[in-house]
Structures are given as structure tokens and as C-alpha cells.
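Chemist: In the numbering used here, the protein residues as written are 42 to 828. Note that beta-carbon positions come from the ideal geometry of N, C-alpha and C, so glycine has one too. These numbers were taken from a predicted model, which means no experiment stands behind them.
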Amino acid sequence: MKLVAPLTAFGRDDLAMAGGKGANLGELVRSAFPVPDGFVVTTHAYDLVAQGRDTRAYFEQAELPGDLRQAIADAYAALGGGPVAVRSSATAEDLPGAAFAGQQDTYLNVVGEPALLDAVRRCWGSLWTDRAIAYRAKLAIDESEVRIAVVVQSMVEAETAGVMFTANPVTGDRTQLVIDASSGLGEAVVSGLVTPDHYVIGPSGPAGFTPGRREVVIRGTAGGGVTRESGAATPAEPLPAAVLDELAGLGRQVAAHFGRPQDIEWAYAGGRVHLLQARPMTALPPPPVGRLNPIQRRISSVLLEYLPERPYPIDMTTWVPYGPAGLMGKVTASFGMHGVFSGFLREEDGVVYQLVPPKPHPGAAALLAPFRLVARARKYDPARWTQDPRFRAYLAAIEELAARDLTSMSWERLTAVPRQALALVEPVADLRVDYLPGTGLALLRLLLAVKLLGRGRLFGDLLHGARTRTSDANQALERLAAHARRTGALDADPMPADFAGELREFLAEYGHRETASPILVTPPTWADAPETVLSLIRVLAAEPPAPKEADDALERLLRHPLLRSRGGRARMRRWVEAARAGIAFREDSHFYFMMPQPVLRRSLLELGRRLRGAGVLQQPEDVFHLRLEELESIKDVATLTAEEAERLRETVRARAAKREELSGVRLIDPALVFPARETGDALIAGSPASGGVATGPVRVIREPAEFVKLGSGDVLVCPYTNPSWTPLFQQAAAVVVDTGGAGSHAAIVAREYGIPAVMGTGKGTSVLEDGQVVTVNGNAGTVTRAT
């Protein structure tokens, strides 16, 4: 058992003994990178002293055993004595997703054996500061598994030092390096005490330079420790071109060696470049995707609306490829268009980190697509799709699977349920392939007809009036709200039995509706989160909805001079009804298509509960960090070996940390999907989606938990919408959405309710503020300050 060993003894696989920093530095030394000599006081030494204690005060007072003191003294002497840098190296730091930058202590220019021993103890103690404990808790890192080593290196009295990123941390461009530098020790740059010189290095050389201010210069003192002095008198000289070239070359080599972009601390002294640390870059934006064409922007706007949160690994192996996105990919492929809804999410370390706009391309079958469309449109009438035997068989299969008792199943039977649930969606895909052509042709026929009659602006209004499962759900919510308004049921504790019974019936019928996204399995459904439904009821119960004006669009159209004949009027009515039936098919097929999702989600959470019972997971939802094939590879949770359980725990921990790291990183820059528009005096602008003008106070609603914030007459500002949000439209004066377009769900429902809507603003939720009174112009697609 090694208590102290030279850096050359360690490599990237020695995390448990040398900690993250020590393992990475050892790997660099062994690969002949210019790293100062040093040694590691290993985690075994920490265990020897810690003896199960976990308070900082203990380590600052503890005496080191004699053999450990001697080992450190011998290693220090072998290093030549003199000034050294002493840095903590915890087993959970400098890993992908958990950099721990600044969480533990570093001591520079430590001189002499007593000072070195004191610095080692203080590094150990820094593992138990409030900030370090809180950081680990945020990343769900088990305290009992965290240990700490200490790295001791010969001190480099730098003339210039700083940090280097081997990818651009702002744009995510992997072809650029970014170097920050300032006079003296690099601590001034790392801790943010100075505005450093800033270099951007492109593939062919320097691509940008911004001089720093050198507010402070940190230098070592003769007796140990450091001093801070004003940098005002320090000449601001850029790094020589040769040094920049050497740094860039070393940075690219280190990134290639570790296989990922690196955050590197460096120093320049005596004509030499030294690498002091290297860790994976964290919170790095995805690489730029370049300019998008109109088709890519249109598809991406739909995907952004469907992805209000980052998919988990279980999403990527279940509902993403098999749910609505996979279904629409199959539909478009059946007509010869490939790559529309596939391969649009990229993963890193098992976690989704980027949305890549699809690039659809036609196949040979596209030549025959028009003929297939017409043939299917003639054969399959969207008004009669629920009479199709495939649909009735689908409902029966759903009912049978949903009735199974998952809790009583063996592990083997339970792990088979997710695939069974996913297999159920196949018939709905086939139904959409067959019935959507009739929908498309009915809409196209009506659009051409009204345009030829000079009444094109009536097209959207003519589509209103079709009964859908969404309108059924909204009416049921209105009845619950009226009940609550009449009896005060929402404020009673316990909830009155009659109201609770009606709520149960509602959830039994509509509880499979998604709260956040139709293409993810991890967010809860209405039944999983009944508080979302209660929030909607509370909003609607606040006051009775305003009566809707009768829809007279069809009657206005029928007054056209060319539609005076009985036959012409009857034909136009049939065409309008056919278009409405098509809209209803699109809405209702989605409603039924989501029915397997709750069964899938329940089976996954039951697997998670059993893994928690086996000590593998801390909570059932942690199962979302695993992939379906990883769950299926477990033969029986009851017979998991300690090694298998530890491997699963580490996989979940690493992916959870990576997900937390990316929490502030967008899957794609919204400005690429929704390019900036000329706004004039408008606060924001987007796509006109529902006509009209309305004024009211802004209410930003970012998630279903905030539904209750909306008041009657408020302007609803949100990042996305789905059918779960539509009851809010009864109370809102207007709707402003970051994502989506004129054909999105929010736009269609806004038109039905007759309220202005602006879609695809890209930044409405970040620019507009609660209470701000604005005017929404749904005709122009603008939001302005109210005057």
C-alpha cells in the first residue's frame, strides 16, 4: 500500500489512489509532456490519518504518523526541497461532468518540511468545507466514497501564466483554442483577480487578441507564500508568437491524448512552457452547426418545442426512437423522405449534449410518393379512422398491458414490459401512414378553393369546430372548474368525495397526457402529477371563462356569389368537414398514440424501485440515467454481484454529474432556429400565428408547476406548449412562445380561442418580465410596450 509515490507511478486509471488531478498529471508525465516533477500523497495516506473522521477542524490539528511524515520528507528531499505547489486531488474531481474547480484548496510556494506537512493536512481538510460538501450534494456524490490525495510539485516561478481551453468555451468551436494570460503566477487568472490577455487561436493561427489590464500580479516570496502587488507598473507585453504556437501545439496534443477538450493551467518561465494541470472542459457548448436552411429551421423549431428538457439515456433508448418522433420518421420515410426525424440528438459520456438539425434527403421511393399519397387518400378517410380494425385491436392491447400488476412480476418478466409497450405503437404508425394523406389532400383542396374564391384569410377559421379529444379534455376541465368554483372543493381538506371522484374519472380518461414533452418518457403524465391538473382547474375556477363567439366563418364563405347554388354550397360544406376531420385525426391519433407511454414509464420506475431496494440506486428515478439495454442485461436484481452493482452505481453517478454540468447549456442556439428579426420599436418579434391585438400584463410560465400563476387577461409567455397547456388559453389575453410556428399546437389552439399568438420568438421568456404591460400584435408577430 503506497502512502507516497512519484507522479510517474500514476496514469489515468489510478483515480482511486491519486485522485483526479494526480491521475491526469501522472498520465501527462508518463507521456512526456512538460510537467514539473512531483509526487502524490495518496488516498491510502488520507485513510490512515482520517480513520473515519470527516471534519476540516480535525485535519488541521491531526498529527501525521511517523512513517507517513518520513515518506513525505523523503519524497520532498528527492524533489530537491525548495518551494513547491501543494494541490488537493479528490477522487471525484477533474472528471467529465464534475471538475470540482476551486472546491478544494491549493497552496503555492510552500517552503520547508513543516510548511509542507501543514499544507497536506489543510488540503485533506478542504474536502470537508461547506462549499465542497454542497457541491458534492448537488452532484449526488456519495460522501462515503469520496477520498482525497495531495499532489506536490516543484514550484514554477512564472513570468507569465494562465489557462488554456482547447475548445472555445463560449461558442463550442472545437477548432479554436482560447488562451488567457497575465504576469506572474497563474492564480491571478484562475481566481479571477485580473482581466487577462485573451487570445483566440484558430486552425491556421491567431484569430483574435484582447489585451488585459494586469490589475494584480501574484509572485512567490523568498521565505514561502505569495504576495499580491499592483500590476500597474508591469509592462503589458503579449506572449511571443513562438510561445503561443508551442502552447497551442501542446493543447491540441493533450486534448488528443485524453480524447476530449481540455482545461489546462500553464506557466512560462526561463524560456520554457510548463503544464501544471489538465482537466476535461465542463459546461462546453455543443459545436456550431453552421447556417440552417429553411427546412432545417422548420424541423428544428418543432423539435425544440418537443424538447423543453434534456433527454435522459432511457429516453434515448425508448420513447425518442419509438414515440412521436420515430413515428413521424417512419411516416415520412414511407413516402421516400429520409432523415427527417432521426439522428438529431448527439450524446457525450452517455448524455445528450447537442441537437443537430436534420438534413432530410429523398430516396428512390419519393418518385412514386404522389401516386401513393393519392391512392391512400382515396382508400383511407380520416373521418372513419376509429372504425379501422387495427385501431380497435390497438386499444384492446393497451388495455390488456395496462391492467397487468407490475409489482408482482418477476424481474425477467418486468424487464420485458418496456419492449412490449414500445411494440404497441407500431399500429398507430401504420394508421398515420395510411390516413395522413387524406388529411393533407383535404386541407390542400380547401386552401386552394378559398384562395380561388378570394377568401384565403378565412382558411384558419374554417378549420375550427371539429370535436377532438383535446377539446373533450378541456370541456371536462371546465366542468371540474365550475364544480370547484361552486363548492370551494379546491380549498377543502380533505377534498370532497364527489369532486375527488370526478377527478379520478378525469385522470382515468385523460391521465396519459404529457405534462412536458410527447417524445420523452421521463417527464410525468397528468396521472403521475395530478397537481398539474389541479393547477389548471384552479386557474379556470378563478372566474368563469368568457363566452366564445359563434363561429360564422363557414356562413361567411357560403355567402360568396359563386356559392349560391345548392350543389356548390353542399360541396363546400363537405370540403370543410373533410378538412376538419383531418385536423381531428391529427390531434386524436396523437392522443391515442401516447397511451403506451404511461405503461412504459411505470415499468421503468418499478425497475428503478427494485434497484433502489438492492442498494444500486438512491431513488427510483435514477433509473432514467441508464439505457434500456443496460437494464435488460441484468439477469436478476437479486443476484447482482458487488462488482456489477458498483459498475451500475458509477454509471449513474457519472451521467448524473454530466447532466448537471450541462444544465445551463442549450442543446442548440435558438438564434440559429429563430433568426433575429427587425423589431423596430418592438421588444421582441416572431412569427405571426393567430391574428388580433391584445394588451395585458406579462406572465412568464416556464413549466406546468407554474400554471397557477396565470390570471385572467394575462399575456401568457412560455418556452413551449403542448396539449396540457391549452386550458390556459381560455384565460390568457394572448400567447407568446419561444418556439414553434404557425402550424404548431399553440398556434392552432390560439386561433380556435380567438386570441393573438406570436411564435418562435427565441427569447420571449428571457426578455419579457412578469407584470410588464405589453401589446401583442398577432398579425405582425410583435410584442411592444403598452402605451
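#1: For a quick check, are the C-beta atoms of Asp779 and Pro760 less than 8 Å apart?
#2: Considering only residues of the stretch 574 to 660, which uninterrupted alpha helix (DSSP H) runs meet the minimum length of 4 residues and lie entirely inside it, listed in chain order?
#3: Residue range of the beta strand (DSSP E) that Pro321 falls in?
#4: Less than 8 Å between the C-beta atoms of Tyr87 and Ile174, yes or no?
#5: Which value, in whole angstroms, describes the spacing of the CA atoms of Ile742 and Ala296?
#6: Mind pulling the alpha helix (DSSP H) runs of 4 or more residues that sit fully within the stretch 446 to 492?
#7: Rounding to the nearest angstrom, what Cα-Cα distance links Leu521 and Thr767 in this structure?
#8: Report the option in Arg177, Gly654, Gly203 and Thr216 whose CA atom is closest to the CA atom of Val1.
#9: Can you tell me whether Pro738 is helix, strand or coil according to DSSP?
#10: Which value, in whole angstroms, describes the spacing of the CA atoms of Glu198 and Gly122?
#11: For Asp663, is the classification buried or exposed, using 16 other Cβ atoms within 10 angstroms of its Cβ as the cut-off for buried?
#12: If we ignore side chains and look at the alpha-carbon of each, how far apart do Ala434 and Glu440 end up?
#13: By DSSP's criteria, Ile725 is part of a beta bridge. Which residues make up the other side?
#14: For Asn65, count neighbouring Cβ atoms within 10 angstroms of its own Cβ and tell me buried if that reaches 16, exposed if not.
#15: Going by DSSP in three states, Gly249 sits in which element: helix, strand or coil?
#16: Buried or exposed: which applies to Leu408, given that a residue is buried once 16 or more other Cβ atoms fall within 10 Å of its Cβ?
#17: For the stretch 371 to 405, list the beta strand (DSSP E) runs that are entirely contained and at least 3 residues long, ordered along the chain.
#18: Please classify Gln516 as buried or exposed, where buried requires at least 16 neighbouring CB atoms within 10 angstroms.
#19: Can you find the residues in the same chain that come closer than 7 Å, C-beta to C-beta, to Ala142, ignoring five residues on each side of it along the sequence?
#20: Below 8 Å on the Cβ atoms is my contact criterion, and I expect Met378 with Pro401 to pass it. Report the Cβ-Cβ distance as a whole number of Å.
#21: Excluding the 5 residues preceding and the 5 following Tyr421 in the sequence, name in chain order all residues of the same chain whose CB lies nearer than 6 Å to its CB.
#22: For the putative contact between Ala611 and Pro729, defined by C-beta atoms under 8 Å, what is the C-beta separation to the nearest angstrom?
#23: So for Asp513, helix, strand or coil by DSSP?
#24: Please list, in chain order, all residues of the same chain as Ala791 whose beta carbon is under 7 Å from its beta carbon, the five residues on each side excluded.
#25: Could you spell out the range, first to last residue, of the alpha helix (DSSP H) harbouring Gln294?
#26: Grouping DSSP H, G and I as helix and E and B as strand, with all else coil, what is Ala730?
#27: Mind checking who Met800 pairs with in its DSSP beta bridge?
#28: Can you round the beta-carbon distance between Val562 and Asp356 to whole angstroms, since I take them to be within the 8 Å contact cut?
#29: Just how far apart, CA to CA, sit Leu751 and Ala570?
#30: Does DSSP classify Phe51 as helix, strand or coil?
#31: Indicate whether the contact test is met: 3 or more Cβ pairs, each with one atom in the stretch 381 to 398 and one in the stretch 343 to 353, closer than 8 Å.
#32: Give the straight-line distance between the Cα atoms of Val45 and Val192, rounded to the nearest whole angstrom.
#33: Tell me which same chain residues have a C-beta within less than 6 Å of the C-beta of Ser383, skipping the five on either side of it?
#34: Would you be able to state if there are at least three C-beta pairs under 8 Å between the stretch 500 to 510 and the stretch 455 to 464?
#35: Going by beta carbon distance, what residues of the same chain come within less than 6 Å of Pro365, once the five residues before and after it are set aside?
#36: Considering just the uninterrupted stretch of the alpha helix (DSSP H) at His85, what are its terminal residues?
Modeler: In terms of the structure at hand:
#1: yes
#2: 594 to 599, 607 to 634 and 637 to 654
#3: Arg313 to Pro321
#4: no
#5: Approximately 41 Å, taken between the alpha carbons.
#6: 452 to 464
#7: 16 Å
#8: Because the chain in this structure spans residues 42 to 828, residue 1 falls outside the shown range and cannot be described.
#9: strand
#10: Roughly 15 Å between the two C-alpha positions.
#11: Asp663 is buried by the Cβ-count criterion.
#12: 10 Å
#13: Ile725 is bridged by DSSP to Val824.
#14: It is buried - the Cβ of Asn65 has at least 16 other Cβ atoms within 10 Å.
#15: strand
#16: Taking a 10 Å sphere around the C-beta of Leu408, we find fewer than 16 other C-beta atoms and assign the residue as exposed.
#17: 386 to 389 and 392 to 396
#18: It is exposed - the Cβ of Gln516 has fewer than 16 other Cβ atoms within 10 Å.
#19: Confidence at Ala142 is low in this model, with a pLDDT of 48, below 50, so its placement is unreliable and the value that follows should be read with caution. No residues qualify anywhere along the chain.
#20: Met378 to Pro401, Cβ: 5 Å. Contact.
#21: Only Asp475, Tyr476 and Gly479 meet the Cβ criterion.
#22: Their Cβ separation, rounded to whole angstroms, is 33 Å, which puts Ala611 and Pro729 out of contact at 8 Å.
#23: helix
#24: If the five residues before and after Ala791 are omitted, its C-beta is found closer than 7 Å to the C-beta atoms of Ala730, Ser731, Phe770, Val776 and Ala798, all from its own chain and listed in chain order.
#25: Ala282 to Phe299 is the extent of the alpha helix (DSSP H) around Gln294.
#26: In the three-state scheme derived from DSSP, where H, G and I count as helix and E and B as strand, Ala730 is classed as strand.
#27: Ser728
#28: 6 Å
#29: 19 Å
#30: coil
#31: The answer is yes - the stretch 343 to 353 touches the stretch 381 to 398, with three or more Cβ pairs under 8 Å.
#32: Near 10 Å, if we compare the C-alpha coordinates of Val192 and Val45.
#33: If we look at Ser383 and ignore the five residues flanking it on each side, its Cβ neighbours are Gly370.
#34: no
#35: Pro559 and Ile560
#36: Secondary structure note for His85: its alpha helix (DSSP H) is the uninterrupted segment Thr84 to Ala91.
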